[in-house]
Amino acid sequence: MQIAKVIGTTVATIKDVKLTGRKLLILRPTDEAGALHGKAYVAVDTLDAGIGDLVLTAHGSSGRMTDITAGSPVDAVIMAVIDHLEVGGKVTYRKE
Amino acid sequence: MQIAKVIGTTVATIKDVKLTGRKLLILRPTDEAGALHGKAYVAVDTLDAGIGDLVLTAHGSSGRMTDITAGSPVDAVIMAVIDHLEVGGKVTYRKE
Amino acid sequence: MQIAKVIGTTVATIKDVKLTGRKLLILRPTDEAGALHGKAYVAVDTLDAGIGDLVLTAHGSSGRMTDITAGSPVDAVIMAVIDHLEVGGKVTYRKE
Amino acid sequence: MQIAKVIGTTVATIKDVKLTGRKLLILRPTDEAGALHGKAYVAVDTLDAGIGDLVLTAHGSSGRMTDITAGSPVDAVIMAVIDHLEVGGKVTYRKE
Amino acid sequence: MQIAKVIGTTVATIKDVKLTGRKLLILRPTDEAGALHGKAYVAVDTLDAGIGDLVLTAHGSSGRMTDITAGSPVDAVIMAVIDHLEVGGKVTYRKE
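Protein chains in written order, with the working numbering: chain A, 2 to 97; chain B, 2 to 97; chain C, 2 to 97; chain D, 2 to 97; chain E, 2 to 97.
Below, the structure is given as structure tokens:
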């Protein structure tokens with residue numbers, strides 16, 4: 002899974018019928034301390050994540066293994082909202 | 002999903018039989034404001050997207066989860082045409 | 002799908018039994034004008050593509066969605082031979 | 002599979018219901034001698050791996066091919082804990 | 002498929018039960034002439050490949066399409082041992 006930060010939202014009227022009502026958030030990958038790196042991508046939110054949250058996203062067919070995304074043309078899903086990360090015995094990120 | 006801009010079209014007479022009648026568009030990835038980055042790729046259009054549109058593409062097996070692409074040898078599909086993107090409380094892209 | 006140019010051939014006597022008789026071509030990715038970039042990879046040819054042809058390849062499980070590759074341990078297939086590409090209203094590539 | 006080192010842990014209260022009780026570890030890719038390179042990612046631990054262990058992770062749908070991850074929205078799993086690696090006739094890594 | 006060179010071996014006592022008896026080799030990607038580039042990865046050997054051999058590996062779900070890897074948590078398999086490669090009418094690699 003990718004550690005990523007929610008940075009924005011998308012609005013799309015014209016979309017595959019299976020995406021009706023889905024929340025599509027913009028994310029950017031982060032390192033193990035929540036620092037941004039890499040390019041933005043979009044994932045379906047199934048957990049009511051908020052802007053600024055650090056989350057985990059599952060990709061590919063695994064992105065369809067939630068009740069909300071099953072059978073849909075989506076390849077990334079937010080499947081966890083991170084409370085905290087710990088590396089080397091130290092907390093590197095804690096949700097505010 | 003990848004945020005991408007439609008930049009062109011492909012014509013291919015010799016192709017897998019399941020691709021007959023499919024529209025194959027050329028796209029380039031963009032960032033969360035619609036600025037191009039990265040290399041061109043090709044996706045099946047299922048939504049009558051136009052040149053210059055910003056869209057979302059789903060990849061891998063998820064690219065086959067539309068009525069049009071089911072069971073076909075395609076690994077990318079346009080599954081949403083973006084109206085606008087919002088990052089940090091500001092609109093970073095709006096469809097003209 | 003990846004736009005790619007066919008640059009060579011492979012011969013492999015020792016291979017998975019499902020690959021018997023399959024033509025495995027060497028390709029390199031190109032941009033939207035057919036200019037090479039990126040590293041070589043190998044795909045199964047199902048369309049009798051020739052050296053120098055510009056083609057589209059589908060990857061991952063989508064590479065198994067042709068009659069020839071179904072159920073085989075292959076992750077890339079040539080599923081279209083490109084006639085021409087058009088970007089910004091201009092033809093950027095035309096098959097000779 | 003990716004050779005990777007376990008560097009940390011994640012805690013997430015809000016997550017997909019299928020992830021309840023799953024251990025989500027932070028890893029970084031390593032080369033064939035265990036030297037770190039590349040960005041951190043998260044995988045499900047099914048083998049009680051410890052911080053500092055060198056492991057192998059399987060990705061994509063293959064990450065769901067363990068009893069613990071079957072049907073879950075996860076795209077990476079630790080499926081082996083490495084005892085040692087050998088390259089060019091020399092041991093490049095040995096578990097302490 | 003990736004062209005790759007077998008450079009080493011792994012030993013792992015603790016592993017998913019479906020991997021019992023599987024040979025896990027270390028590889029590095031090569032270009033179309035067998036020159037190394039890119040980072041090491043690990044694939045299941047189903048063809049008794051040897052150190053120094055140039056091989057093809059299939060990735061993702063395609064890595065599970067051999068009798069030996071079916072249903073296992075592995076995402077890369079050696080499915081061909083290369084005899085020779087030919088690019089531009091010249092042999093760029095020949096197995097010794």
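Backbone N, C-alpha and C fix where the C-beta goes; we use that ideal spot for every residue, glycine too. Remember, it's a predicted structure, so these values are computed and weren't measured experimentally.
{"Query": "C-alpha distance - Pro30(E) paired with Asp76(C), whole-angstrom precision", "Result": "15 angstroms"}
{"Query": "Segment limits, beta strand (DSSP E) that includes His85(D)", "Result": "85 to 88"}
{"Query": "Sheet register partners of Asp46(D) (DSSP bridge)", "Result": "Lys24(D), Ile79(D)"}
{"Query": "Chain D within 7 angstroms of Gly9(E), Cβ atoms only", "Result": "yes"}
{"Query": "Backbone secondary structure at Gly39(B) - three-state DSSP", "Result": "coil"}
{"Query": "Residues within the segment 72 to 83 of chain A neighbouring chain D, beta-carbon criterion of under 8 angstroms", "Result": "Val78, Met80, Ala81, Val82, Ile83"}
{"Query": "One or two residues paired with Ala59(B) in a DSSP bridge", "Result": "Val78(B)"}
{"Query": "Spatially closest choice to Asp32(E) from Ile15(E), Ala5(E), Asp17(E), by CA coordinates", "Result": "Ala5(E)"}
{"Query": "Nearest candidate by alpha-carbon position, reference Val92(C), set Gln3(B), Val7(B), Val12(B)", "Result": "Val12(B)"}
{"Query": "Whole-number beta carbon distance between Ala41(E) and Ile52(E), since they are thought to touch under 8 angstroms", "Result": "No, Ile52(E) and Ala41(E) are not in contact; Cβ-Cβ is about 13 angstroms, not under 8 angstroms."}
{"Query": "Where Lys19(B) sits in the DSSP three-state scheme", "Result": "helix"}
{"Query": "Reduced DSSP category for Gly72(A) - H, G, I as helix; E, B as strand; rest coil", "Result": "coil"}
{"Query": "Residue(s) in a DSSP beta bridge with Ala34(A)", "Result": "For Ala34(A), which the question treats as bridged, DSSP gives no partner whatsoever."}
{"Query": "Residue(s) in a DSSP beta bridge with Asp9(C)", "Result": "Residue 9(C) is actually Gly in this sequence, not Asp. In the DSSP output, where bridge partners are listed per residue, Gly9(C) has Ile27(C), Val88(E)."}
{"Query": "Outcome for Val78(A) when other beta-carbon atoms lying within 10 angstroms are tallied against a minimum of 16", "Result": "buried"}
{"Query": "Selected residue, minimal CA-CA separation from Ile8(C), among Lys19(C), Gly22(C), Leu55(C)", "Result": "Leu55(C)"}
{"Query": "Exposure label - Val140(D); buried when at least 16 CB within 10 Å", "Result": "Because chain D is modelled from 2 through 97, residue 140(D) falls outside the range shown and cannot be assessed."}
{"Query": "Per-residue contacts from Ala41(B) into chain C (C-beta, under 7 angstroms)", "Result": "Ile4, Asp32, Glu33"}
{"Query": "Contacting residues, own chain, Cβ-Cβ under 7 angstroms from Glu87(B) (five flanking each side not counted)", "Result": "Thr93"}
{"Query": "Within-7 angstroms CB hit, Gly51(C) to chain B", "Result": "no"}
{"Query": "Cβ-Cβ distance between Lys19(B) and Ser73(B) below 7 angstroms", "Result": "yes"}
{"Query": "Lys24(C) versus Thr47(D) - alpha carbon distance", "Result": "39 angstroms"}
{"Query": "Between the CA atoms of Met80(E) and Asp172(E) - distance to the nearest angstrom", "Result": "The requested residue 172(E) is not part of the displayed model; chain E covers only 2 to 97."}
{"Query": "Close beta carbons around Gln3(E), own chain, < 6 angstroms, minus the five adjacent residues each side", "Result": "Pro30, Thr58"}
{"Query": "Cut-off 7 angstroms between Cβ atoms - residues of its own chain near His85(A), not counting five sequence neighbours on either side", "Result": "Val92, Tyr94, Arg95, Lys96"}
{"Query": "Contacts that Gly64(D) makes with chain A (C-beta to C-beta distance below 7 angstroms)", "Result": "Ser63"}
{"Query": "Residues near Arg65(A) in its chain [Cβ-Cβ closer than 6 angstroms; skip 5 each side]", "Result": "Ala71"}
{"Query": "Cutoff 7 angstroms: Thr14(D) Cβ touching any chain A Cβ", "Result": "yes"}
{"Query": "Cα-Cα separation, Ala36(C) to Asp49(C)", "Result": "22 angstroms"}
{"Query": "Cutoff 8 angstroms; reference Gly39(E); Cβ partners in own chain excluding five residues on either side", "Result": "Arg29, Pro30"}
{"Query": "Neighbour-count burial assignment, Gly89(C), 16 or more Cβ in a 10 Å radius", "Result": "exposed"}
{"Query": "C-alpha gap between Ile83(A) and Ile83(C), whole angstroms", "Result": "45 angstroms"}
{"Query": "Residue-chain proximity (Ile69(B), chain C), Cβ-Cβ < 7 angstroms", "Result": "no"}
{"Query": "CB contact below 7 angstroms: Ala36(D) versus chain E", "Result": "no"}
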